[in-house]
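Participant: Have a look at the structure that comes next, please.
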Amino acid sequence: MKIFIRLIVIFALSFHYVSFSQQGTSSSPIELPNFIIEGKEQLNVRAGMKQVPDKPISLTKEELDSINSLEKKPSFLLPLKTIPYKIYEKNFYSGFLKGEFGRYYSPRIEAGYEFEIENYKLFANGNFDASQGHIDNADYNRFDFTVSSQYIAPKKFYIFGGSKTVTSFNVKNDNLKLYAIKEPEKRNALLLCFDVISEGDFEGFAFETGAHIDFFTLKDRNKEKESAFELFLSASKEIGDFDIGALVKYEVDNLDAFSNSFAQFNGRISYINSFLTFITDAGVQGKSDFISNDLGLFLDANLNVNINKDFTLRNNLTSRYFKYGLLDYFYQNPYVTDSADVAIPDILSFKSSLLFHPSDRFSVSLSASISSSETQPVFVYDSIGSFNILYEKSKAWAITCDADISLTKKDLLSFAITFQKNELKSTSKWAPYVPAYKIAANYGRAWSEKFGTQFEIISFSERYVDLLNQHKLSSFLCLNAYADYKLSDSFTVYAKANNLLNSNVFLWERYKERDLFLAAGIFYKF
6 MKIFIRLIVI
16 FALSFHYVSF
26 SQQGTSSSPI
36 ELPNFIIEGK
46 EQLNVRAGMK
56 QVPDKPISLT
66 KEELDSINSL
76 EKKPSFLLPL
86 KTIPYKIYEK
96 NFYSGFLKGE
106 FGRYYSPRIE
116 AGYEFEIENY
126 KLFANGNFDA
136 SQGHIDNADY
146 NRFDFTVSSQ
156 YIAPKKFYIF
166 GGSKTVTSFN
176 VKNDNLKLYA
186 IKEPEKRNAL
196 LLCFDVISEG
206 DFEGFAFETG
216 AHIDFFTLKD
226 RNKEKESAFE
236 LFLSASKEIG
246 DFDIGALVKY
256 EVDNLDAFSN
266 SFAQFNGRIS
276 YINSFLTFIT
286 DAGVQGKSDF
296 ISNDLGLFLD
306 ANLNVNINKD
316 FTLRNNLTSR
326 YFKYGLLDYF
336 YQNPYVTDSA
346 DVAIPDILSF
356 KSSLLFHPSD
366 RFSVSLSASI
376 SSSETQPVFV
386 YDSIGSFNIL
396 YEKSKAWAIT
406 CDADISLTKK
416 DLLSFAITFQ
426 KNELKSTSKW
436 APYVPAYKIA
446 ANYGRAWSEK
456 FGTQFEIISF
466 SERYVDLLNQ
476 HKLSSFLCLN
486 AYADYKLSDS
496 FTVYAKANNL
506 LNSNVFLWER
516 YKERDLFLAA
526 GIFYKF
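Residue numbers for the sequence shown follow our numbering, beginning at 6 and rising by one.
Here you go:
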């Protein structure tokens, strides 16, 4: 705790210092997120449609919120994400259709369409993929469909006049097997989601309010049902050079055996100019789960300094609970037990990043972070094909370097390297499934306006799978390749090869990922 108090003091002194420093040119590059390997999702970036990254500019407070990963999920639960390419289209298309077929009899189809009816914009997107599986009982199929609407209310309406309301409905259905054992259970996961969010202005205040409802069912040996409901309201107002606001949020999560509840109230103050950005959310959070009923401090403080046109310093100090449900754990680990104890995790963390961006063709960042948790979720194999969730006290640190380099107008190189440690306080052992390092490198080239290629390398270190660090998964190196060819502005064909080295890739104990996977497909826009 002493080290975090010192960090708070340093954070405050940093703000005092930059307030009296000479102003510099604003510049803020894009931060690369983590990368991901999933057993069934495959790389499908259209390499022939890349562009050089734009010159970095100052971020708005909304953009700063969107890149704050701690606002979304705690770092110890985040899956690793693929380094993305920025893609652009010269023409706007209302719809698309994508079809693919790969090894192990693995079809995939995806389609989307957008249209307008009076004041409504409607969007629909759906995909289906399946496979007979790379080993016995690894067959699966899944379906995901979303329909949403955007409505601009006429000015005549009170309070909500001129506001934008987005309504969406999503259904996901996953069928798989716990193929780590010889005679596995069939598993079905069904999720129904409903969202409505409205944002607008009233009497000089900007507001956003909404509701979110989830119905989730996980069934194999048993059947676990979950229903979650969330309400929130936020409002803000510009006062001079400051933006001041508040947020209130309430969530309840009902499972068969117990219910969790979560509430949050916080204020916000932000100050943005060409030299610095200071945004702080502070308040209280209350949570009730099977572990405890607690009231805690909520803090999310950001201080970003544009040192000069080439360097930017970003700092974040966070203390908070994260509302998690069974469905969140399932989409993190699809083999989680259907009788899991679901608790609300917490995190206390500090992160500082130095970004170097001398031109629009080169940006690199170096980040360091430390964190602590009293209820970190830990997955442990249960010997019958699924994973229990345990909650442990932990402390962690990480150092990350990532870069986005345009070697030429046709060549883009991206990489991300992380060294880290996550230690359980009770045993001083490594937390399960946390690698000491993770590396991703991605090289894409547009050989012509019609033809492009992309190569990706992903590597993890060894990872322990138990609390006492007696067993571990081997390290691996995975090489992926992708190529596409544009037959016309609206029609593209592509091919991909994943795990070219035929590496033994295990993300979870006893669950081997696919060997060499080959696939080809088409992409049509209309």
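Cβ atoms here follow ideal geometry from the backbone N, Cα and C, with glycine treated the same way. As the structure is a prediction and not an experimental result, all values here were calculated from the model.
Contact between the region 472-481 and the region 489-499 is defined here as three or more beta-carbon pairs at a separation below 8 Å; is this criterion met?
Facilitator: no
Participant: Using 8 Å as the Cβ pair cut-off and three pairs as the minimum, do the region 403-410 and the region 423-439 touch?
Facilitator: Cβ pair count under 8 Å is three or more, so yes.
Participant: When we look at the beta-carbon of asparagine 271 and count the other beta-carbons within 10 Å, is it buried (16 or more) or exposed?
Facilitator: By the neighbour-count definition (other C-beta atoms within 10 Å, threshold 16), asparagine 271 is a buried residue.
Participant: Using 8 Å as the cut-off, can you tell me whether the region 311-322 makes contact with the region 356-367, which would need three or more C-beta pairs spanning the two stretches below that distance?
Facilitator: yes
Participant: Going by C-alpha distance, which of Leu252, Glu235 and Phe234 is nearest serine 241?
Facilitator: Of the listed residues, the one whose Cα sits closest to serine 241 is Leu252.
Participant: Can you grab the Cα-Cα spacing for the pair threonine 432 / lysine 517, in whole Å?
Facilitator: 28 Å
Participant: Consult DSSP for glutamine 459 and reduce its assignment to one of helix, strand or coil.
Facilitator: strand
Participant: Going by beta carbon distance, what residues of the same chain come within less than 8 Å of phenylalanine 335, once the five residues before and after it are set aside?
Facilitator: Ala194, Phe221, Leu223 and Val341
Participant: Tell me the residue span of the beta strand (DSSP E) that contains aspartate 333.
Facilitator: That residue, aspartate 333, is in no beta strand (DSSP E); its alpha helix (DSSP H) goes 331-337.
Participant: Counting beta carbon pairs with one atom in the region 326-335 and one in the region 500-513, are three or more of them shorter than 8 Å?
Facilitator: no
Participant: Identify the residues that DSSP records as bridge partners of phenylalanine 283: which are they?
Facilitator: Looking at the DSSP assignment, phenylalanine 283 forms a beta bridge with Tyr276 and Leu308.
Participant: Of all Cβ atoms in chain B, is any one closer than 8 Å to the Cβ of phenylalanine 280?
Facilitator: No chain B is part of this structure, which consists of one protein chain only.
Participant: Alpha carbon to alpha carbon, how far is serine 372 from aspartate 351? Give it in angstroms, no decimals.
Facilitator: 22 Å
Participant: Figure out for me which residue from Gly250, Gly209, Val201 and Phe207 has the closest Cα to the Cα of leucine 236.
Facilitator: Val201
Participant: Distance check for aspartate 365 and glycine 209, CA to CA, integer angstroms please.
Facilitator: Roughly 37 Å between the two C-alpha positions.
Participant: Do aspartate 343 and asparagine 227 count as a contact pair if the criterion is CB distance below 8 Å?
Facilitator: yes
Participant: Would you mind stating whether phenylalanine 534 and arginine 108 have Cβ atoms separated by less than 8 Å?
Facilitator: Past the boundaries of the shown model lies residue 534; the chain is included only from 6 to 531, so the question cannot be answered.
Participant: Write down every uninterrupted run of the alpha helix (DSSP H) in the region 442-495 whose length is 4 residues or greater and which is fully enclosed by it, in chain order.
Facilitator: none
Participant: Got a sec, what are the start and stop residues for the beta strand (DSSP E) aspartate 407 sits in?
Facilitator: 392-411
Participant: Decide if threonine 323 is buried, meaning its Cβ has at least 16 other Cβ atoms within 10 Å, or exposed.
Facilitator: buried
Participant: Does DSSP classify asparagine 180 as helix, strand or coil?
Facilitator: Here asparagine 180 sits in strand by DSSP.
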